[in-house]
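Written below as C-alpha coordinates is the structure these notes are about.
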Amino acid sequence: WEHASDFGALIVFSEHRYYGKSHVFGSNDEDLKKLEYLTVEQALMDYVTLISYLKEEVYDIDAVVGFGGSYGGMLASWGRMKYPNVWDGVVAAS
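The numbering of the sequence shown is my numbering, which starts it at 56 and goes up by one.
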(Lines of atoms letter the chains of each structure in order from A and count residues from 1; the text may use other names and numbers.)
(Lines give C-alpha, C1' and ligand atoms only; values in the text may rest on other atoms or scores of the structure.)
Protein backbone atom coordinates (compact mmCIF):
# COMPACT_ATOMS: atom_id res chain seq x y z
CA TRP A 1 0.00 0.00 0.00
CA GLU A 2 2.95 2.35 0.41
CA HIS A 3 3.24 2.49 -3.40
CA ALA A 4 -0.45 3.04 -4.10
CA SER A 5 -0.02 6.70 -4.93
CA ASP A 6 2.67 5.82 -7.50
CA PHE A 7 -0.02 3.99 -9.45
CA GLY A 8 -2.90 6.35 -8.71
CA ALA A 9 -4.53 3.61 -6.67
CA LEU A 10 -7.14 3.99 -3.96
CA ILE A 11 -6.59 1.76 -0.94
CA VAL A 12 -9.61 0.89 1.19
CA PHE A 13 -9.35 -1.16 4.38
CA SER A 14 -12.82 -2.36 5.24
CA GLU A 15 -13.84 -3.81 8.57
CA HIS A 16 -15.56 -7.19 8.78
CA ARG A 17 -19.02 -6.92 10.24
CA TYR A 18 -19.31 -7.54 13.99
CA TYR A 19 -15.61 -6.94 14.58
CA GLY A 20 -13.82 -3.84 15.81
CA LYS A 21 -16.05 -0.78 15.92
CA SER A 22 -18.86 -2.52 14.03
CA HIS A 23 -19.45 -4.88 16.95
CA VAL A 24 -23.14 -4.02 17.07
CA PHE A 25 -24.42 -5.93 20.05
CA GLY A 26 -22.50 -3.95 22.64
CA SER A 27 -21.65 -6.01 25.68
CA ASN A 28 -24.35 -8.65 25.12
CA ASP A 29 -22.30 -11.12 23.09
CA GLU A 30 -24.51 -14.01 24.22
CA ASP A 31 -27.30 -12.90 21.91
CA LEU A 32 -26.58 -15.63 19.34
CA LYS A 33 -29.56 -14.76 17.18
CA LYS A 34 -27.65 -11.74 15.85
CA LEU A 35 -24.86 -14.06 14.72
CA GLU A 36 -27.06 -15.34 11.88
CA TYR A 37 -25.70 -12.40 9.88
CA LEU A 38 -22.08 -13.30 10.62
CA THR A 39 -21.52 -15.48 7.57
CA VAL A 40 -19.07 -15.53 4.69
CA GLU A 41 -21.92 -14.73 2.30
CA GLN A 42 -22.95 -11.69 4.35
CA ALA A 43 -19.34 -10.50 4.57
CA LEU A 44 -18.90 -10.84 0.81
CA MET A 45 -22.09 -8.88 0.16
CA ASP A 46 -20.84 -6.15 2.51
CA TYR A 47 -17.72 -5.86 0.33
CA VAL A 48 -19.76 -5.96 -2.89
CA THR A 49 -21.97 -3.18 -1.54
CA LEU A 50 -18.98 -1.09 -0.46
CA ILE A 51 -17.17 -1.53 -3.79
CA SER A 52 -20.33 -0.75 -5.77
CA TYR A 53 -20.91 2.40 -3.74
CA LEU A 54 -17.31 3.57 -4.19
CA LYS A 55 -17.41 2.89 -7.93
CA GLU A 56 -20.80 4.46 -8.61
CA GLU A 57 -21.00 7.30 -6.12
CA VAL A 58 -17.53 8.40 -5.05
CA TYR A 59 -14.63 7.56 -7.35
CA ASP A 60 -13.92 6.87 -11.01
CA ILE A 61 -12.50 3.36 -10.54
CA ASP A 62 -11.20 1.34 -13.48
CA ALA A 63 -10.27 -1.88 -11.68
CA VAL A 64 -10.68 -3.49 -8.28
CA VAL A 65 -8.05 -5.83 -6.89
CA GLY A 66 -8.59 -7.48 -3.53
CA PHE A 67 -5.77 -8.39 -1.17
CA GLY A 68 -5.77 -10.54 1.90
CA GLY A 69 -3.95 -13.03 4.03
CA SER A 70 -5.37 -16.03 5.88
CA TYR A 71 -9.15 -15.51 6.28
CA GLY A 72 -8.93 -12.21 4.38
CA GLY A 73 -7.22 -14.02 1.53
CA MET A 74 -9.97 -16.61 1.45
CA LEU A 75 -12.61 -13.86 1.39
CA ALA A 76 -10.78 -12.17 -1.48
CA SER A 77 -10.61 -15.45 -3.41
CA TRP A 78 -14.23 -16.38 -2.75
CA GLY A 79 -15.31 -12.86 -3.70
CA ARG A 80 -13.48 -13.08 -7.02
CA MET A 81 -14.97 -16.51 -7.73
CA LYS A 82 -18.53 -15.60 -6.77
CA TYR A 83 -18.55 -12.01 -8.07
CA PRO A 84 -16.10 -11.79 -10.99
CA ASN A 85 -17.90 -8.67 -12.18
CA VAL A 86 -16.87 -6.87 -8.97
CA TRP A 87 -13.24 -7.92 -8.47
CA ASP A 88 -10.89 -7.76 -11.44
CA GLY A 89 -8.30 -9.77 -9.55
CA VAL A 90 -7.12 -10.77 -6.10
CA VAL A 91 -3.87 -11.50 -4.33
CA ALA A 92 -4.34 -14.04 -1.55
CA ALA A 93 -1.62 -15.22 0.81
CA SER A 94 -1.50 -17.23 3.95
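The beta-carbon is built from N, C-alpha and C at its ideal position, and this holds for glycine as well.
- Apart from the 5 residues on each side of it in sequence, ALA148 sits with its Cβ closer than 7 angstroms to the Cβ of GLY124, GLY128 in its chain, given in chain order.
- Around the beta carbon of ILE106, a 10 Å sphere encloses 16 or more other beta carbons of the protein chains shown; the residue is thus reported as buried.
- For ALA59, the secondary structure class from DSSP, reduced to helix, strand or coil, is helix.
- The shortest C-alpha to C-alpha distance from TRP133 to any of GLU96, ASP61, GLU112 is the one to GLU96.
- Going by DSSP, ALA147 is part of the beta strand (DSSP E) stretching over 144-148.
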